[in-house]
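In what follows, a single structure is set out as structure tokens and then discussed.
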Amino acid sequence: MNPDKPLKIAVASGKGGTGKTLFSTNLAAFLSQKQKTLLVDLDVEEPNDFLFINGTIEKISDQYKMIPLWDENKCTLCGSCSNTCKYHAVVQLGTFIAVFTELCHSCYACSELCPVQALPMQRHKMGKITTIDSGNLTFIESRLEVGEEQAVPLIHQTHDLVDTQYKDIPIQVFDCPPGTSCPVVAAARKADFVVLVTEPTPFGLNDLRLAIETMQKIQKPVGVVINRWGIGNDEVEKYCDQAQIPILAKIPFDRQIAEYYSNGELVYDKIEYITTSLRQVITAIQHAV
Amino acid sequence: MQSNNIHEIVVLSGKGGTGKTSLTASLAVLAGNDAVIADCDVDAANMHLLLRPDFGETFEFYSGELAVINQDLCNQCGTCAEVCRFHAIPQDKNQYQINALDCEGCGYCEKVCPTHAITMQERRSGSVYISKTKVGSTMVHARLDIAAENSGKLVAKVKNDAKAIALAGNKHFIIVDGSPGIGCPVVSSLAGANYVILVTEPTMSGLHDLKRVHAVIERFRIKSGCIINKYDLNKEQTAEIKCFLREEQIDHLADIPYDSIFSEAMIEEKTIVEIESPLKQLVGSIWEKVKEQLTRKN
Ligand code: SF4
Ligand code: SF4
Ligand code: SF4
Ligand code: SF4
Numbered sequence: 001m002n003p004d005k006p007l008k009i010a011v012a013s014g015k016g017g018t019g020k021t022l023f024s025t026n027l028a029a030f031l032s033q034k035q036k037t038l039l040v041d042l043d044v045e046e047p048n049d050f051l052f053i054n055g056t057i058e059k060i061s062d063q064y065k066m067i068p069l070w071d072e073n074k075c076t077l078c079g080s081c082s083n084t085c086k087y088h089a090v091v092q093l094g095t096f097i098a099v100f101t102e103l104c105h106s107c108y109a110c111s112e113l114c115p116v117q118a119l120p121m122q123r124h125k126m127g128k129i130t131t132i133d134s135g136n137l138t139f140i141e142s143r144l145e146v147g148e149e150q151a152v153p154l155i156h157q158t159h160d161l162v163d164t165q166y167k168d169i170p171i172q173v174f175d176c177p178p179g180t181s182c183p184v185v186a187a188a189r190k191a192d193f194v195v196l197v198t199e200p201t202p203f204g205l206n207d208l209r210l211a212i213e214t215m216q217k218i219q220k221p222v223g224v225v226i227n228r229w230g231i232g233n234d235e236v237e238k239y240c241d242q243a244q245i246p247i248l249a250k251i252p253f254d255r256q257i258a259e260y261y262s263n264g265e266l267v268y269d270k271i272e273y274i275t276t277s278l279r280q281v282i283t284a285i286q287h288a289v
Numbered sequence: 290m291q292s293n294n295i296h297e298i299v300v301l302s303g304k305g306g307t308g309k310t311s312l313t314a315s316l317a318v319l320a321g322n323d324a325v326i327a328d329c330d331v332d333a334a335n336m337h338l339l340l341r342p343d344f345g346e347t348f349e350f351y352s353g354e355l356a357v358i359n360q361d362l363c364n365q366c367g368t369c370a371e372v373c374r375f376h377a378i379p380q381d382k383n384q385y386q387i388n389a390l391d392c393e394g395c396g397y398c399e400k401v402c403p404t405h406a407i408t409m410q411e412r413r414s415g416s417v418y419i420s421k422t423k424v425g426s427t428m429v430h431a432r433l434d435i436a437a438e439n440s441g442k443l444v445a446k447v448k449n450d451a452k453a454i455a456l457a458g459n460k461h462f463i464i465v466d467g468s469p470g471i472g473c474p475v476v477s478s479l480a481g482a483n484y485v486i487l488v489t490e491p492t493m494s495g496l497h498d499l500k501r502v503h504a505v506i507e508r509f510r511i512k513s514g515c516i517i518n519k520y521d522l523n524k525e526q527t528a529e530i531k532c533f534l535r536e537e538q539i540d541h542l543a544d545i546p547y548d549s550i551f552s553e554a555m556i557e558e559k560t561i562v563e564i565e566s567p568l569k570q571l572v573g574s575i576w577e578k579v580k581e582q583l584t585r586k587n
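If you read the sequences in order, they're chains U and H.
Counting in my numbering, the first sequence runs from 1 upward without gaps.
Counting in my numbering, the second sequence runs from 290 upward without gaps.
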């Protein structure tokens, strides 16, 4: 590993609700006891990490995507834009050109190919990024506006911000969106290591398999954390053994953790086996990369 | 409207792990063959683990496009790489190459390539299945290919197929397991719905996500009701959720206590209404309430 580059750890899970937020926030807080740590919430549709982090707001920046704006006076109704857009985000309706903001991928094609420059690109607010200073822990939350449908551009912008303004924070934890499609790929692409949080149930196993396949497709080393260990069966463990995927920690099911979590409280320094698990996980990651 | 007597019910949660799929599958069992089931959680589909569909018919699903460069025609001018806003055309070993993971299929490069070296190809992004479930109903489900885009379109496809099957078979209900989050898959799963069941849990994150997903539902003006699962985990949070439900005039459908039966049933590949427990009746009463809400003219 290059010592000048930060260690980027992505925390993901195929299935939502397995404890990804619990794990990311506690891992980051645990790490920040010893060194400067960055926690980035990239679950932009439903960001939750902020509930667990106290600190002062350092900065809030609105994030924009670029969309075409129709200039009626210049338009000759040639129809080029309507034919160009693969996403049907700009459509000619009689003598009117309609732009469907949510569908636009900001590819610029309609705008730059319009023969009379009647579709200049302009900013459209899609979300915001908040930076919170919590001592040794810097927390960045990326949040999509309700009504916006595309998470990926905002995730990319957040990565860019981290890489330009926070590149000197040596250890960085990224809480990724759930699932196996484009948002989680965008969120995990920059990671050196991906921790997959799962639970020992048939749903957990099914989604873990998909998540592992996804991470293998983008060639990321992975390790598994089994949360609520004890509630189900041992199929997840068997699967990991067979697929030679390291199990980094098993966090037993404990109602006390669930209660702390429900109130927005961290547990890394309250429950001893959590502290031990987090230490194990970080040692394993440092060995692996 | 031709679909007047089909009631489409979408189950959503915003946050994952609230028991949404277990509850949806239970409703599917209760509705039996009077419902068509649609699993719109295409990113992490799980309902098949409880309803044991037979994967009777499989269809490939294509959506979106991918740019392909014919290297024999390319003169290395680099125009394509310049216009591509997604940095999907890196230069590698003196050749311009499309990176399939980054390409969003916008087609801009194809339009500007002076030698017509670029063509757009259809992109397979998943599979759709039409199955019989263990209770005899028809289920439409899907699997998104790994790292694929457009889950919104696949969701729309699953829903439309389910609707067509329900119409053809004179079924009264379509029961949809929706996606998590508030993005395009959720919006697609809401289109055309008559009632939304929200499943939440009494945690700060549960309430936060409930509010966000409710803001999306409001835009569609669909009636909704809420189930608070694991309500006894945190009584204060439960009270707060109830307060929110009253303010927003969301029906309060039930409080379900924390119960290990959810994972026990899952391991037996059963829904919670197929196992004798107090929850069986509770879920039965939810289904009755939902039906009542749907048939009430307001
Ligand atoms: S390409 Fe330009 S001129 Fe042609 S219809 Fe579109 S906006 Fe009008
Ligand atoms: S910028 Fe691209 S995606 Fe957006 S409307 Fe124009 S052609 Fe369509
Ligand atoms: S624009 Fe066409 S000719 Fe130019 S580098 Fe790209 S593919 Fe080759
Ligand atoms: S189709 Fe669009 S995204 Fe894909 S390579 Fe061409 S310009 Fe880039």
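Cβ coordinates follow ideal geometry from the N, Cα and C atoms, glycine included.
Chain-order list of residues whose beta-carbon lies under 8 Å from that of residue i (same chain, five-residue window excluded)
i                 : result
glycine 345(H)    : Tyr418, Ile419, Ser420, Lys421
methionine 290(H) : The pLDDT assigned to methionine 290(H) is 41, lower than 50, so where the model puts this residue is not dependable, and the model offers no usable value.
leucine 583(H)    : His296, Ile298, Asn483, Tyr484
CA nearest to the CA of residue i, picked from the options
i                    : options                                    : result
serine 134(U)        : Thr180(U), Val40(U), Gln244(U), Leu69(U)   : Val40(U)
valine 116(U)        : Gly17(U), Val44(U), Asn73(U)               : Asn73(U)
isoleucine 57(U)     : Leu161(U), Ala191(U), Thr138(U), Ser181(U) : Thr138(U)
glycine 147(U)       : Ile97(U), Glu45(U), Lys270(U)              : Glu45(U)
aspartate 391(H)     : Ala437(H), Glu536(H), Asp450(H)            : Ala437(H)
valine 299(H)        : Ala451(H), His405(H), Val562(H)            : Ala451(H)
phenylalanine 193(U) : Cys176(U), Pro221(U), Thr214(U), Glu213(U) : Pro221(U)
alanine 482(H)       : Glu349(H), Cys329(H), Ala320(H)            : Cys329(H)
isoleucine 140(U)    : Gly16(U), Glu149(U), Ile60(U)              : Ile60(U)
aspartate 521(H)     : Ser262(U), Ala89(U), Thr275(U), Glu272(U)  : Ser262(U)
cysteine 176(U)      : Thr214(U), Val185(U), Phe96(U), Glu272(U)  : Val185(U)
valine 562(H)        : Leu339(H), Gln526(H), Pro379(H), Ser426(H) : Leu339(H)
proline 51(U)        : Ser426(H), Thr492(H), Met409(H)            : In the sequence as presented, proline is not what sits at residue 51(U); that position holds leucine. Of the listed residues, the one whose Cα sits closest to leucine 51(U) is Thr492(H).
threonine 560(H)     : Thr310(H), Leu499(H), Trp576(H)            : Thr310(H)
Close Cβ partners of residue i (< 6 Å) along its chain, the five nearest in sequence each way excluded
i                 : result
glycine 305(H)    : Pro469
glutamate 393(H)  : Phe375
leucine 27(U)     : Val173, Leu278
asparagine 587(H) : Because asparagine 587(H) sits at a pLDDT of 49, beneath the cut-off of 50, its placement in the model cannot be relied upon, and the point is left open.
threonine 347(H)  : Ser416, Tyr418
Residue i burial status per 10 Å Cβ neighbour count (16 or more: buried)
i                 : result
threonine 198(U)  : buried
alanine 10(U)     : buried
threonine 158(U)  : buried
asparagine 459(H) : exposed
serine 549(H)     : exposed
glutamate 399(H)  : buried
alanine 188(U)    : buried
serine 32(U)      : buried
asparagine 335(H) : buried
arginine 432(H)   : buried
glutamine 35(U)   : exposed
leucine 362(H)    : exposed
serine 574(H)     : exposed
threonine 276(U)  : exposed
leucine 301(H)    : buried
lysine 125(U)     : exposed
cysteine 78(U)    : exposed
Own chain partners of residue i with C-beta closer than 7 Å, once the 5 adjacent residues on each side are dropped
i                 : result
arginine 123(U)   : Tyr64, Met66
cysteine 366(H)   : Pro403
glutamate 411(H)  : Tyr351, Glu354
isoleucine 506(H) : Leu479, Val485, Ser513
First and last residue of the uninterrupted beta strand (DSSP E) at residue i
i                    : result
histidine 541(H)     : 540 to 545
phenylalanine 462(H) : 462 to 466
alanine 98(U)        : 96 to 99
histidine 503(H)     : Run containing histidine 503(H): none in the beta strand (DSSP E); it sits in the alpha helix (DSSP H), 493 to 509.
proline 252(U)       : 247 to 252
lysine 8(U)          : 7 to 12
isoleucine 326(H)    : 324 to 328
Range covered by the alpha helix (DSSP H) that runs through residue i
i                 : result
methionine 66(U)  : Taken as a continuous stretch (DSSP letters only), methionine 66(U) belongs to no alpha helix (DSSP H), being part of the beta strand (DSSP E) at 56 to 68.
valine 152(U)     : 152 to 165
cysteine 81(U)    : 80 to 84
arginine 432(H)   : Segment 427 to 433 is the beta strand (DSSP E) holding arginine 432(H); no alpha helix (DSSP H) there.
serine 24(U)      : 20 to 31
asparagine 449(H) : 440 to 457
3-residue-minimum beta strand (DSSP E) runs that sit fully inside the segment 197 to 237 of chain U, ordered along the chain: With a minimum length of 3 residues, the unbroken runs of beta strand (DSSP E) contained wholly in the segment 197 to 237 of chain U fall at 222 to 229.
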